[in-house]
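Asks: Numbering (the working numbering), first residue to last: 33 to 382.
Every residue, glycine too, gets a C-beta built ideally from N, C-alpha and C.
Here you go, one structure.
As structure tokens, then:
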């Protein structure tokens, strides 16, 4: 703008680019001159002014927050140089320096100053992942208690909240039944991830009869040994007669019951039977008297009791059921069964 002092008050203006107003616009960078003339006196004067180069308009955009699975990210542009106020235009139509709810990926912004100069900048909004979830089995279920599992969360945006399929809301879930269970972990950004875990059922003890012996000829020499597998050692034994070992001996005929409890409280029971043992009852049949040319003979027969096989011993040391070399007179035989029980019988050979 040309400012005039003195003169008559009525002036004409002529700028070096041909403009004829006191204020010249759209002047290029550099030195410009103006001639001012007084209309009344015809006097004139010249003046000049240097138009400087305005600072270059520059724009720089930066990520404020990455996008998450629940909300978009944000970015802000800052501008320097240029002239006057700035106008902003983001590629999604937002017109403020701070753009929000931006999807993950590249975004651009255009900054325009009041002279119409333009600067652009690009920014890449990242994608924050949701939490990663793993589950560790702390303990399996037993016949008396539920199992437990620990959820472990990483990544995402802490803190996390937990929700198990049975409604528990802590990282450690307890009292879980055998089978598959799931947990959903949600981070503070609202992103969720889920994981599954299988709780096993610890088996109950299984009982087997490792050995059993019947009562014996004396009536109280039966025995039994019980084997245990499965469950969780160590085991406790309790027989109905108060004994607390896996093996019993000195047993008479009858039924005996055992309850085994493992370290988790699971139990298993078994009942065994000690059979009665009766010695063999021996009778002698088919006795043949001796004569002057031939000895007598007799046969030992098991009429009841005993357990085969049987062994025989006659008083003349014959060892078959039938003795064939018996002299005249009284004779006896002893029969022993598989349990060691014995029976005797006598016969007189004429």
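Got a sec? Which residues, its chain only, sit under 8 Å from residue 150 by beta carbon, not counting five neighbours each side?
Replies: As a working note, residue 150 is residue 118 in the chain shown. Cβ neighbours of residue 150 beyond the five flanking positions: 89, 142, 143 and 144.
Asks: Could you tell me which whole beta strand (DSSP E) segments of length 3 or greater appear in the region 148-210?
Replies: Counting only runs of 3 or more, we get 150-157, 163-171, 179-187, 193-196 and 204-208.
Asks: Identify every run of the beta strand (DSSP E) within the region 81-132, keeping only runs that are complete inside it and at least 3 residues long; order them along the chain.
Replies: Correct list: 90-97, 105-112 and 118-122.
Asks: Distance check for residue 140 and residue 129, CA to CA, integer angstroms please.
Replies: In the chain shown, counting from the first residue as 1, residue 129 sits at position 97. In the chain shown, counting from the first residue as 1, residue 140 sits at position 108. C-alpha separation (whole angstroms): 12 Å.
Asks: Extract the residue ranges of the beta strand (DSSP E) inside the region 259-302, only unbroken runs of 3 or more that lie entirely within it.
Replies: If we require 3 residues or more, the beta strand (DSSP E) runs fully inside the region 259-302 come out as 268-271, 279-283 and 286-293.
Asks: When the Cα atoms are used, what is the spatial distance from residue 222 to residue 195?
Replies: In the chain shown, counting from the first residue as 1, residue 222 sits at position 190. In the chain shown, counting from the first residue as 1, residue 195 sits at position 163. The alpha-carbon atoms of residue 222 and residue 195 are separated by roughly 13 Å.
Asks: Would you kindly check if the distance between the Cβ of residue 173 and the Cβ of residue 179 is under 8 Å?
Replies: Here residue 179 corresponds to residue number 147 of the chain shown, with the count starting at 1. Here residue 173 corresponds to residue number 141 of the chain shown, with the count starting at 1. Cβ atoms of residue 179 and residue 173: closer than 8 Å.
Asks: Give the single residue among 372, 314 and 358 whose Cα lies nearest to the Cα of residue 249.
Replies: Locating residue 249 in the chain shown gives position 217, where the first residue counts as 1. It is 372 whose Cα lies nearest to the Cα of residue 249.
Asks: May I ask you to verify whether the region 332-339 touches the region 283-303, counting CB pairs closer than 8 Å and requiring at least 3?
Replies: Flag = no, the region 332-339 and the region 283-303 do not touch.
Asks: What span of residues does the beta strand (DSSP E) with residue 311 cover, start to end?
Replies: Looking up residue 311 in the chain shown gives position 279. Residue 311 -> no beta strand (DSSP E), and no H or E assigned at all.
Asks: So, does the CB of residue 71 fall closer than 8 Å to a CB anywhere in chain B?
Replies: Absent from the structure is chain B; it holds one protein chain and no more.
Asks: With distances taken Cα to Cα, identify the nearest neighbour of residue 83 among 259, 294, 59 and 295.
Replies: For this step, residue 83 is matched to residue 51 along the chain shown. Among 259, 294, 59 and 295, the Cα nearest to that of residue 83 is on 59.
Asks: Does the contact criterion of 3 or more C-beta pairs under 8 Å hold for the region 156-176 versus the region 89-108?
Replies: With a cut-off of 8 Å, the region 89-108 and the region 156-176 count as touching, because enough Cβ pairs lie within range.
Asks: Once you ignore the five residues that flank residue 305 on each side, which residues in its own chain have a CB closer than 6 Å to its CB?
Replies: In the chain shown, residue 305 corresponds to position 273, counting from 1. Closer than 6 Å at Cβ, skipping near neighbours: 287.
Asks: In angstroms with no decimal places, state the Cα-to-Cα distance between residue 236 and residue 206.
Replies: Looking up residue 236 in the chain shown gives position 204. Looking up residue 206 in the chain shown gives position 174. Taking the straight line joining both Cα atoms gives about 20 Å.
Asks: Going by alpha carbons, who is nearest to residue 352 out of 321, 362, 316 and 324?
Replies: Residue numbering aside, residue 352 sits at position 320 when the chain shown is read from its first letter. Comparing Cα-Cα distances from residue 352 to each of 321, 362, 316 and 324, the minimum goes to 316.
Asks: Closest to residue 214 by CA distance: which of 47, 165, 342 and 355 is it?
Replies: Here residue 214 is taken as the residue at index 182 of the chain shown, counted from 1. Comparing Cα positions, the closest option is 165.
Asks: Pair every Cβ in the region 257-267 with every Cβ in the region 313-327, then say whether three or more of these pairs are closer than 8 Å.
Replies: The region 257-267 is not in contact with the region 313-327.
Asks: Could you check which residue in 85, 218 and 362 has the C-alpha nearest to that of residue 161?
Replies: Mapped onto the chain shown, residue 161 falls at position 129. Among 85, 218 and 362, the Cα nearest to that of residue 161 belongs to 218.
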